[in-house]
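Peer 1: Be aware that the sequence shown starts at 528, since it is given in my numbering, and climbs by one per residue.
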Amino acid sequence: MNAVKSCALIAGLVLVAGCGHGSYHHGGSQSSGTGHGHGTDRGKEVMAAVEKAVPDPDKAKRVQEALKEIMEEATQSYKQNREFHRKLYELNTNYTATPEEFTRILDDLNNNRMRTGAKILVTRFKIKEMLTADEWKAFTDHLNASRARYMHGHEAAEGKEGKKADKDGY
């Protein structure tokens, strides 16, 4: 049983360390479009993509409302995940913390991500049902072009392999 606890502790610490490596920690944006900076711009571009792809203004408005739901859910999830990470960092400073304490927080974090993913996926399919195949293709083409502009700068900042080259080669 001690081996299981040791493995759980090591896995927990690895996950805690990995929590600090998301793109939102390194100048990227995981903002859903309702925050500041690139996320706000990205949200505006997503809404503009709907206007370009969907000729019916009423349908476009319904799609935009559904997209706002996704953005709000993502924003809420991001805030909750930051709180889970804060709890993990705090627990990591506690010398007597048990593997079960780490596991409980990690379970809550993962459950939160799964709930968010499920909600976003349901809304994505609602949007898809509102659009014709041609509108969907035009919409996603606009999104991909927008994402490519953001990713180009992100990839350029990190280097060709997608990882930031450090002077020490790490």
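The C-beta atom is built at its ideal place from N, Cα and C for all residues, glycine as well.
Only a predicted model underlies this, so the values are computations on that prediction, with no experimental measurement involved.
1. Quick check on Arg569: buried or exposed, where buried means 16 or more other Cβ atoms within 10 Å of its Cβ?
2. Quick check on DSSP: helix, strand or coil for Asp583?
3. Roughly how many whole angstroms lie between the Cα atoms of Ala575 and Gln591?
4. How about Ala580 and Lys653: do their beta carbons lie closer than 7 Å?
5. Do you know how far the Cα of Gln603 is from the Cα of Pro584?
6. Do you know whose CA, among Ala665, Ala601, Asp635, lies nearest Ala587's CA?
7. Quick one: is Met641 buried, meaning 16 or more other Cβ sit within 10 Å of its Cβ, or exposed?
8. From this set, Arg651, Leu648, Leu633, which residue's C-alpha is nearest Asn608's C-alpha?
9. For Pro582 and Ser673, what's the separation of their Cα atoms in angstroms?
10. With distances taken from CA atoms, which of Glu662, Leu615, Glu572, Thr623 is nearest Phe629?
11. Considering only residues of the same chain and omitting the five flanking positions on each side of Lys646, which have a CB-CB separation below 7 Å?
12. Compute the Euclidean distance between the alpha carbons of Arg651 and Val577, then round it to the nearest angstrom.
Peer 2: So, from the listed chains and residues:
1. buried
2. coil
3. 9 Å
4. no
5. 28 Å
6. Ala665
7. exposed
8. Leu633
9. 19 Å
10. Leu615
11. Glu600
12. 13 Å
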